[in-house]
Every structure is written in C-alpha cells, then in structure tokens.
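Here my numbering is used: the first residue of the sequence shown is 470, the next is one more, and so on.
C-beta: ideal position from N, C-alpha, C; glycine also.
To start, the structure under review is shown below, and the notes come after it.
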Amino acid sequence: MAQVNINILRNNRIKNLALGGLLLISMILSFTFVASNFNATKPIAKSEAMLIIIVPILVIGVLAFIPFGQILESNNGKLILYYRLGSLKFRTKNMGKARAILLEQDELKYYCIRIQLINGDLIDMEKHSTLDWATIRYEEYKKLIDHGKVAV
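Below is the structure:
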C-alpha cells in the first residue's frame, strides 16, 4: 500500500492549535492546583514549582510526536481517504479506482492536482500557486497511482 499525505499545511495548523490549547489548559490546571493549596506564610515548595513547569512540558512532549494527518492510500488500485491520529484511522472514505492524475491550471491561475476516477468524476486534491511545488506533489500522486496498478 502506498500513501500520500494531503492538506499538509492545514493539518499542521490544526495540530499546532490543538497542542497550543492543550498547553494552555495544562498550565491553567497546574496553576489552579498550586493556587488552591497556596499558603501565604510558606514559600512555594519545589514539588509545586515542578508541577507548574513539568506537567505542561510532558503533555506537549508526548503529544507532539503523535502523527496526525489526512492520508490518501492506494490499496490494490482503490483509493482510500482517511484521517490518521497515531495508529487510529477515522472518517474513512472509499473513492474508487483512479484512471489518471492530472496537473492542470484553473481559471484563477492555480496549479491543481486532480484525480480522475474510473466513473469519470474529477476530484480536486490540492491547489498550488507555483509549478515547482505542484510538480513535486504531482509526482508523489503519480507514484501512488502507479503503485496500485498490476503489470500484465
């Protein structure tokens, strides 16, 4: 099975926003825990200071390395589109068999990578403003489709 990551920038933005939100929540919770046990007559203990610093770092350190993305996979010529979070796959969509990968320019002068399915449907996968990046991604999609074809 061959795979291609799609919508890379959007998925990185989603992951960064989620990690930022988790960092903020973990910091607020650790500060709230320390504030609830705060006593003005004694200084903050080392364990409380470690809690404020270490817990958010551990949360981000663990979650930052979990893979997240939208994947297009070729399985015996059939295209499958899904989201991946770690080892989990969700929102799976079977797209059918691909006839061709097209690199065309649309009316707004963007270079579009389109997949033409056997039933004639055209699916826009990505749009790029430069031909260089579009050509690189086009070759990745081409390998994906060529991987699914069986030599006769």
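Item: In chain order, each beta strand (DSSP E) run of at least 3 residues that lies wholly inside the stretch 530 to 563; Value: 537 to 544, 547 to 554
Item: Bounding residues of the beta strand (DSSP E) (the contiguous stretch that carries asparagine 592); Value: According to the sequence provided, residue 592 is isoleucine. The question's asparagine does not apply to it. First-last of the beta strand (DSSP E) with isoleucine 592: 591 to 597.
Item: Rounded separation between threonine 604 and leucine 572 - CA only; Value: 8 Å
Item: Straight-line Cα distance separating lysine 547 from leucine 541; Value: 10 Å
Item: Residue of Glu595, Asp601, Thr599, Leu600 minimising C-alpha distance to valine 473; Value: Glu595
Item: Glutamate 573 - DSSP class collapsed to helix/strand/coil; Value: strand
Item: Rounded C-alpha distance that separates leucine 613 from lysine 566; Value: 12 Å
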